[in-house]
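S.K.: One structure, as structure tokens, below. Some questions next.
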Amino acid sequence: MNKNTVLAWATFIMIVVGCGLIALGAFRYDDVAGWGFVSVGIGFFAIAWVFNALKGRM
46 MNKNTVLAWA TFIMIVVGCG LIALGAFRYD DVAGWGFVSV GIGFFAIAWV
96 FNALKGRM
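Quick note: to get the working numbering, add 45 to the position in the sequence shown (first position is 1).
This is the structure in structure tokens:
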């Protein structure tokens, strides 16, 4: 595996975990904790976007 493959897998895993956190915040927790899960899920999407942008440049 080269660096681009590792970044692609990291991007995929971050998107899956981000979707899981957003789903937890939306469907499991109805109080203030849900907002925390959603915001962390959005943060995972932002980091995955950065990994995807770095794929061809490293």
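The beta carbon of each residue, even a glycine, is placed where N, CA and C say it ideally should be.
Remember, predicted model here, so these are calculated numbers, not experimental data.
Going by C-alpha distance, which of Asn97, Trp94, Gly65 is nearest phenylalanine 82?
M.R.: Taking the first residue of the sequence shown as position 1, residue 82 is located at position 37. Among Asn97, Trp94, Gly65, the Cα nearest to that of phenylalanine 82 is on Gly65.
S.K.: Quick one: Cα of glycine 101 to Cα of asparagine 49, how far?
M.R.: Position 56 of the sequence shown, counted from the start, is the residue given in the question as residue 101. Position 4 of the sequence shown, counted from the start, is the residue given in the question as residue 49. In a straight line, the C-alpha of glycine 101 is about 7 Å away from that of asparagine 49.
S.K.: Let me check understanding here. Comparing Cα to Cα, which of Gly70, Trp54, Phe96, Leu99 lies closest to glycine 86?
M.R.: In the sequence shown, residue 86 corresponds to position 41, counting from 1. Nearest of Gly70, Trp54, Phe96, Leu99 to glycine 86, Cα basis: Gly70.
S.K.: Give me, in chain order, the residues of the same chain whose beta-carbon lies closer than 6 Å to that of phenylalanine 57; leave out the 5 immediate sequence neighbours on both sides.
M.R.: Position 12 of the sequence shown, counting from 1, holds the residue named residue 57. Taken in chain order, the list of residues that qualify is empty.
S.K.: Would glycine 63 and phenylalanine 96 qualify as a contact pair, given that the criterion is a beta-carbon distance under 8 Å?
M.R.: Taking the sequence shown and counting its residues from 1, one reaches residue 63 at position 18. Taking the sequence shown and counting its residues from 1, one reaches residue 96 at position 51. No.
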